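*Asks:* The structure is given below, and queries will be raised subsequently.
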Amino acid sequence: HDRSSVAAHWLNAIGLLLGLLTGALVLGWIDGKPPLRLVFLIHYLGAALVLVAIFTHLTRHAMSAGTGLLPKRLGVLRDLIGELCEYAGLFGPEGAVLRLPWPRAIRQPIARYLRALLGYQPDHADKYLATEQTLSYPLWALLIGVIVVTGLLKVLRYLYPLPSPLVASATAIHDLATIGIAVMLLVHLLPLLLVPANWPLLLSMFRTSVPRSYAQKRHPAWYQRLEARRRATSTVEQPREESVTQAAGARAGD
855 HDRSSVAAHW
865 LNAIGLLLGL
875 LTGALVLGWI
885 DGKPPLRLVF
895 LIHYLGAALV
905 LVAIFTHLTR
915 HAMSAGTGLL
925 PKRLGVLRDL
935 IGELCEYAGL
945 FGPEGAVLRL
955 PWPRAIRQPI
965 ARYLRALLGY
975 QPDHADKYLA
985 TEQTLSYPLW
995 ALLIGVIVVT
1005 GLLKVLRYLY
1015 PLPSPLVASA
1025 TAIHDLATIG
1035 IAVMLLVHLL
1045 PLLLVPANWP
1055 LLLSMFRTSV
1065 PRSYAQKRHP
1075 AWYQRLEARR
1085 RATSTVEQPR
1095 EESVTQAAGA
1105 RAGD
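Adding 854 to a residue's 1-based position in the sequence shown gives its number in my numbering.
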């Protein structure tokens, strides 16, 4: 990840956590009676951080034409089933939750059947996993979009008289989206925390990179593309260096 992606990720995470905590206080889901003015101030601060993260993310991907997180083929559904089976340990303990050790006599026949049926091969992922493309990113985009739109409607009522049914509907949907985000946050963290093979991905949100050995093993298609790009860059730069050296030699001869 580049630094802008990491910054947007953590701005969004902090903003959502502030919004969830203060929203739970307002709705009485958790005990506590802090000053209501302070609660709403923190809530709106969290909303502002989420908006900054959204605009940073959208601007960056619009400028770079980045669509890697969007599924582009139906085969991603096959990969999704394969990855979920891998988390269950059916392809071995390496990519399983807590390295779940299924007996070989049970998992190997199932794994052979799944490979034949789905054509799925573990450790053949591109940069983004199928679970990210189908379960994580679209649902996050939907929930955050809903909570932002309904939140803006709830704020607009203080600036412009909106119909009461509209405000009531926006409030109800906002609260439901809050529950959805809390559930998604849990679903988002569990594969990272419980699957040891995914721990480098978690660390990458702090370090901005993953080890070369991890990328080569778990994301070979992405690694091969990066290596091809690196070799192409080296091939282009080498003639330039030779031209500079020749020019310097000719100038020295003069």
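Glycine included, C-beta positions come from ideal geometry on N, C-alpha and C.
Computed from a prediction, not measured in an experiment: that's the story for all the values here.
Is the separation between the beta-carbon of P925 and that of F945 shorter than 9 angstroms?
*Replies:* Not a contact, by the Cβ cut-off of 9 angstroms.
*Asks:* Can you tell me which of the three DSSP states E948 falls into?
*Replies:* E948: coil per DSSP, three-state reduction.
*Asks:* Under a Cβ-count criterion, where at least 16 other Cβ atoms within 10 Å of its own Cβ denotes burial, should A1106 be classed as buried or exposed?
*Replies:* With a pLDDT of only 48 at A1106, under the threshold of 50, the placement of this residue in the model should not be trusted, and no figure is reported.
*Asks:* Under DSSP, the alpha helix (DSSP H) around E940 begins and ends at which residues?
*Replies:* Taken as a continuous stretch (DSSP letters only), the alpha helix (DSSP H) holding E940 covers 929-941.
*Asks:* My understanding is that L874 touches I1035, with C-beta atoms under 8 angstroms, so please give their C-beta distance in whole angstroms.
*Replies:* Contact holds; Cβ gap of about 7 angstroms.
*Asks:* Please report the Cβ distance between P947 and P955, rounded to the nearest whole angstrom; I am assuming they are in contact, meaning their Cβ atoms lie under 8 angstroms.
*Replies:* Their Cβ separation, rounded to whole angstroms, is 5 angstroms, which keeps P947 and P955 in contact under 8 angstroms.
*Asks:* Leaving out five residues on either side along the sequence, give the residues of the same chain with a beta carbon under 8 angstroms from the beta carbon of L1047.
*Replies:* Here the set comprises L1056.
*Asks:* On a CA-only basis, which of A970, Y941, K887, D856 is nearest L1044? Give me that one, please.
*Replies:* It is Y941.
*Asks:* Using a Cβ-Cβ cut-off of 7 angstroms (strictly less than) and excluding sequence neighbours within five positions of S1088, which residues of its own chain qualify?
*Replies:* Here the set comprises nothing.
*Asks:* What do you reckon, are the CB atoms on M1059 and V860 nearer than 9 angstroms?
*Replies:* Yes; because the gap between Cβ atoms is below 9 angstroms, this pair is in contact.
*Asks:* Tell me the rounded alpha-carbon separation between A959 and L968.
*Replies:* Answer to the nearest angstrom: the Cα atoms are 15 angstroms apart.
*Asks:* Going by DSSP, what residue range makes up the alpha helix (DSSP H) through A959?
*Replies:* Residues 958-972.
*Asks:* I884 by DSSP, collapsed to three states: which one?
*Replies:* In this structure, I884 counts as coil in the three-state DSSP scheme.
*Asks:* Jot down the residue ranges of each uninterrupted alpha helix (DSSP H) in the segment 972-1006, minimum 4 residues, whole runs only, in chain order.
*Replies:* With a minimum length of 4 residues, no continuous alpha helix (DSSP H) run stays inside the segment 972-1006.
*Asks:* Using CA coordinates, which residue listed in L923, A979, G973 is at the minimum distance from E986?
*Replies:* Closest option to E986, Cα to Cα, is L923.
*Asks:* From V1098 to L1080, what does the alpha carbon distance come to, in whole angstroms?
*Replies:* In this prediction, V1098 scores a pLDDT of 43, lower than 50, which makes its location untrustworthy; the coordinate-derived value is nonetheless stated afterwards. So the two alpha carbons sit approximately 27 angstroms from each other.
*Asks:* Should L872 be labelled buried (16 or more other beta-carbon atoms within 10 Å of its own) or exposed?
*Replies:* Counting Cβ neighbours within 10 Å, L872 comes out buried, since at least 16 surround it.
*Asks:* Straight-line CA distance for A886 to L938?
*Replies:* For the sequence presented, residue 886 should be read as Gly rather than Ala. Answer to the nearest angstrom: the Cα atoms are 39 angstroms apart.
*Asks:* Alpha carbon to alpha carbon, how far is R1083 from R927? Give it in angstroms, no decimals.
*Replies:* The alpha-carbon atoms of R927 and R1083 are separated by roughly 24 angstroms.
*Asks:* Apart from the five residues on each side of it in sequence, which residues of its chain come closer than 7 angstroms, Cβ to Cβ, to A1024?
*Replies:* Correct list, in chain order: T1004, L1007, K1008.
*Asks:* For L1010, collect the residues of the same chain with a Cβ closer than 7 angstroms to its Cβ; drop the 5 residues on either side in sequence, then sort them by chain order.
*Replies:* Answer for L1010: L1016, listed in chain order.
*Asks:* Between which two residues does the alpha helix (DSSP H) carrying L1013 extend?
*Replies:* Where L1013 is concerned, there is no enclosing alpha helix (DSSP H), given that its DSSP letter is neither H nor E.
*Asks:* Give me the Cβ distance between D1029 and L881, rounded to the nearest whole Å; I'm assuming they're in contact under 8 angstroms.
*Replies:* Confirmed, about 7 angstroms.
*Asks:* Relative to the C-alpha of K1071, which residue among L996, I908, G949, L895 is closest?
*Replies:* Residue G949 is the option with its Cα nearest to K1071.
*Asks:* What's the gap between the Cα of L890 and the Cα of I896?
*Replies:* Looking at the two C-alpha atoms, the distance is approximately 10 angstroms.
*Asks:* Under three-state DSSP, which class holds K1071?
*Replies:* Looking at K1071 - three-state DSSP - the assignment turns out to be helix.
*Asks:* Nearest-angstrom Cα distance between Y991 and V1000?
*Replies:* Rounded to the nearest angstrom, the two C-alpha atoms are 14 angstroms apart.
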